[in-house]
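In what follows, a single structure is set out as structure tokens and then discussed.
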């Protein structure tokens with residue numbers, strides 16, 4: 001059997017396929033309310049952390065990464081150096097490098113501008129749902145349409161919620177003390193993800209390091225905690241894999 005070349009297979013992947021688009025929207029629909037609520041909390045947290053409305057709106061539109069935004073807020077409030085803020089946000093968002101590597105075999109034939117756009121609107125849940133349906137990078141009709149059906153509503157839901165939070169946060173009285181909203185949001189996202197020993201170990205190590213390094217200047221304790229948590233989770237995960245392979 002003669003395999004088709006990537007160039008010949010590209011049209012069946014990139015051409016719009018309405019049924020696949022609708023299927024993607026339907027699959028991602030249950031998560032949109034949670035994404036919007038998460039954006040709402042992050043929007044309020046940005047304003048309550050001292051950002052102006054234009055700054056908060058610019059941050060949510062350009063960055064589009066709630067965990068990185070929340071990690072950067074205390075650093076911005078503490079007047080930390082820009083490199084500290086940048087590195088912290090970069091470390092928090094390293095998972096998107098993994099997402100990109102997983103999606104690359106599916107869409108490497110697309111123009112770089114289109115791939116850049118898809119990368120910008122990608123989110124954790126959307127990428128996971130896509131890879132669940134399309135684990136193989138083999139070209140299939142409607143694959144790109146399905147991904148767009150997941151990504152675009154997800155992006156819109158986040159932006160609507162976040163912008164509403166920014167505008168709401170500017171009129172909420174300070175007496176309501178919503179500055180802790182970002183911390184609560186992080187906890188709500190983190191708890192469901194701490195399944196398994198590697199993740200749990202990473203959380204414990206990161207928590208311990210954040211307490212021990214609390215006195216470091218420019219909130220560097222946060223960056224140290226993130227790095228220590230990630231490293232410990234990776235080491236525990238690797239050790240578990242070796243143990244399973246040894247006894248398998």
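Numbering (the UniProt record's numbering), first residue to last: 1 to 248.
C-beta: ideal position from N, C-alpha, C; glycine also.
What you are looking at is a predicted structure, and each value in this text was computed from that prediction instead of being measured.
Are the beta-carbon atoms of residue i and residue j separated by less than 8 Å?
i: residue 60; j: residue 75; result: no
i: residue 92; j: residue 71; result: yes
i: residue 96; j: residue 122; result: yes
i: residue 159; j: residue 39; result: yes
i: residue 125; j: residue 31; result: yes
i: residue 152; j: residue 143; result: no
i: residue 161; j: residue 43; result: yes
i: residue 210; j: residue 222; result: yes
i: residue 46; j: residue 90; result: no
i: residue 156; j: residue 197; result: no
Use the C-beta contact count for residue i: other C-beta atoms within 10 angstroms, 16 or more gives buried, fewer gives exposed.
i: residue 214; result: exposed
i: residue 202; result: buried
i: residue 116; result: exposed
i: residue 69; result: buried
i: residue 50; result: exposed
i: residue 58; result: exposed
i: residue 98; result: exposed
i: residue 35; result: buried
i: residue 247; result: exposed
i: residue 108; result: exposed
i: residue 129; result: buried
i: residue 231; result: exposed
i: residue 103; result: buried
i: residue 26; result: exposed
i: residue 171; result: exposed
i: residue 48; result: buried
i: residue 101; result: exposed
i: residue 3; result: Annotation note: pLDDT 40 at residue 3 (below 50); position unreliable, no value reported.
i: residue 245; result: exposed
i: residue 229; result: buried
Which whole-angstrom value describes the C-beta separation of residue i and residue j, a residue pair presumed to lie in contact below a C-beta threshold of 8 Å?
i: residue 165; j: residue 62; result: No, residue 165 and residue 62 are not in contact; Cβ-Cβ is about 16 Å, not under 8 Å.
i: residue 120; j: residue 24; result: Rounded, the Cβ-Cβ distance is 17 Å, inconsistent with contact.
i: residue 206; j: residue 225; result: 4 Å
i: residue 149; j: residue 21; result: 4 Å
i: residue 17; j: residue 141; result: 6 Å
i: residue 137; j: residue 105; result: 4 Å
i: residue 84; j: residue 220; result: 6 Å
Subject >> Complete runs of the alpha helix (DSSP H) confined to the region 31-76 [at least 4 residues] >> reply: Listed in chain order, they are 53-62.
Original post:
Where are the alpha helix (DSSP H) runs, 4 residues long or more, that stay fully inside the region 99-172, in chain order?
Top reply: Segments of the alpha helix (DSSP H) lying fully in the region 99-172: 112-121, 124-133 and 143-169.
**OP:** Starting from the N-terminal side, write out each stretch of the beta strand (DSSP E) that is 3 residues or longer and does not extend beyond the region 217-247.
**Re:** Fully enclosed beta strand (DSSP E) runs of 3 or longer: not present.
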